[in-house]
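Novice: My structure is below; once you've seen it, I'll send some questions.
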Amino acid sequence: MSKSDKYLPDPTVTTVWFIPLEVTDAETEACRRLLSAEERARADRFHFDWLRRRYIVAHGRMRSILAHHAGAPAAELSFQTTTYGKPFLDSAFNTHFNLSHSGELAILAVGPRELGADVELVRPLEDLESVAHGFFSPREVADLHRYTPEERLRAFYRCWTRKEAYVKAIGEGLSIPLHSFVVSLSEHDAGLLETGQASGTTAWTMSTLDLGPDYVGAVAIAGPAGIVQTRWWGKCELVISP
Numbered sequence: 343m344s345k346s347d348k349y350l351p352d353p354t355v356t357t358v359w360f361i362p363l364e365v366t367d368a369e370t371e372a373c374r375r376l377l378s379a380e381e382r383a384r385a386d387r388f389h390f391d392w393l394r395r396r397y398i399v400a401h402g403r404m405r406s407i408l409a410h411h412a413g414a415p416a417a418e419l420s421f422q423t424t425t426y427g428k429p430f431l432d433s434a435f436n437t438h439f440n441l442s443h444s445g446e447l448a449i450l451a452v453g454p455r456e457l458g459a460d461v462e463l464v465r466p467l468e469d470l471e472s473v474a475h476g477f478f479s480p481r482e483v484a485d486l487h488r489y490t491p492e493e494r495l496r497a498f499y500r501c502w503t504r505k506e507a508y509v510k511a512i513g514e515g516l517s518i519p520l521h522s523f524v525v526s527l528s529e530h531d532a533g534l535l536e537t538g539q540a541s542g543t544t545a546w547t548m549s550t551l552d553l554g555p556d557y558v559g560a561v562a563i564a565g566p567a568g569i570v571q572t573r574w575w576g577k578c579e580l581v582i583s584p
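In our numbering, each number is its position in the sequence shown, counted from 1, plus 342.
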């Protein structure tokens, strides 16, 4: 990593890391050494080498980043899971995180509050309309059709990633139907419009992520808007606070 930009974790800030997954064999092996025996066994179950590499790099670098936030060795981090399968660290670390990956990119959101993140590689969808009608709310479907055919694909992915980020933040898995709440499809306004929950939309902050033309991503964070910063892996040096 570059020595010119050092990263020192701030426990009051949510950081979203962008992690390229296309790396050398040596880098993959370095990531693999950080994994638990269970994670290595899971990686070995992937039939294709490229899927195995993506899993190893995403989870190895996740451990490296979380180690700096938690102040603990990466290989020694122990994860637990909720009833719905969402992983978390010991509460003593006061660190929430969520990992998502698609194509050759992973994103990892880390912060002091409950959160969820999602990224999707933008690729053509022949069944875009049927997927939208099956998973989006009527209001979202109507909003989707306000976009031109050329704009509709990215609008679809903005809706999908925002909904996935919110569901992952809630942490209750498929028990929350995607059509039961409403998000904005706007390019610049990633608002949560309706939740169907007593706490309402003000209980959550939704942010869109600038990932370039090939990917769309979003992060949902519990509570009012706070500071959200983004960083690319490889463009800074991770530093543990003394």
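We put the CB at the ideal spot given by N, CA and C, even for glycine.
Just list the alpha helix (DSSP H) runs in the segment 474-552, keeping only unbroken ones of 4 residues or longer that don't cross its boundaries, in chain order.
Specialist: 480-486 and 491-512
Novice: Within the continuous alpha helix (DSSP H) that includes residue 381, where are the two ends?
Specialist: As a position in the sequence shown, residue 381 is number 39, starting the count at 1. First-last of the alpha helix (DSSP H) with residue 381: 379-386.
Novice: Residue 376 and residue 307 - do their beta-carbons sit closer together than 8 angstroms?
Specialist: An answer regarding residue 307 cannot be provided, because it is not within the stretch 343 to 584 covered by the chain.
Novice: What residue from 362, 385 and 491 has the CA that sits closest to residue 444's CA?
Specialist: The count along the sequence shown starts at 1 and reaches residue 444 at position 102. Closest by alpha carbon: 362.
Novice: Going along the chain, which residues of its own chain have a beta-carbon closer than 6 angstroms to the beta-carbon of residue 574, five neighbours each way excluded?
Specialist: The count along the sequence shown starts at 1 and reaches residue 574 at position 232. So the qualifying residues of the chain are 360.
Novice: Should the segment 481-488 be called in touch with the segment 383-393, which here means at least 3 C-beta pairs below 8 angstroms?
Specialist: no
Novice: Taking residue 507 as the reference, which of 447, 533, 384 and 476 has the closest Cα?
Specialist: For the purposes of this step, residue 507 is taken as residue 165 along the sequence shown, with counting starting at 1. Here the closest residue by C-alpha is 533.
Novice: Where does residue 345 land, buried or exposed, given buried means 16+ other C-beta within 10 angstroms?
Specialist: As a position in the sequence shown, residue 345 is number 3, starting the count at 1. Low confidence applies to residue 345: its pLDDT is 49, below 50, so where it sits in the model is not reliable enough to give any reading.
Novice: Taking residue 498 as the reference, which of 512, 409, 558 and 367 has the closest Cα?
Specialist: Here residue 498 corresponds to residue number 156 of the sequence shown, with the count starting at 1. For residue 498, the closest alpha carbon among the candidates 512, 409, 558 and 367 is that of 558.
Novice: Applying the 10 Å Cβ sphere with the 16-neighbour rule, what's the burial state of residue 351?
Specialist: Residue 351 sits at position 9 when you count from the first residue of the sequence shown. With a threshold of 16 other beta carbon atoms within 10 Å, residue 351 meets it and is buried.
Novice: Taking 8 angstroms as the CB-CB cut-off, is residue 390 touching chain D?
Specialist: Protein chain content of the structure displayed is limited to a single chain, and chain D is not contained in it.
Novice: Let me confirm a value: residue 354 is counted as buried when at least 16 other C-beta atoms fall within 10 Å, else exposed. Which label applies?
Specialist: By 1-based counting over the sequence shown, the position of residue 354 is 12. Classification of residue 354: exposed, given that the 10 Å Cβ count is below 16.
Novice: Alpha helix (DSSP H) containing residue 410: first to last residue?
Specialist: Translated into the one-based positions of the sequence shown, residue 410 becomes position 68. Residues 391-412.
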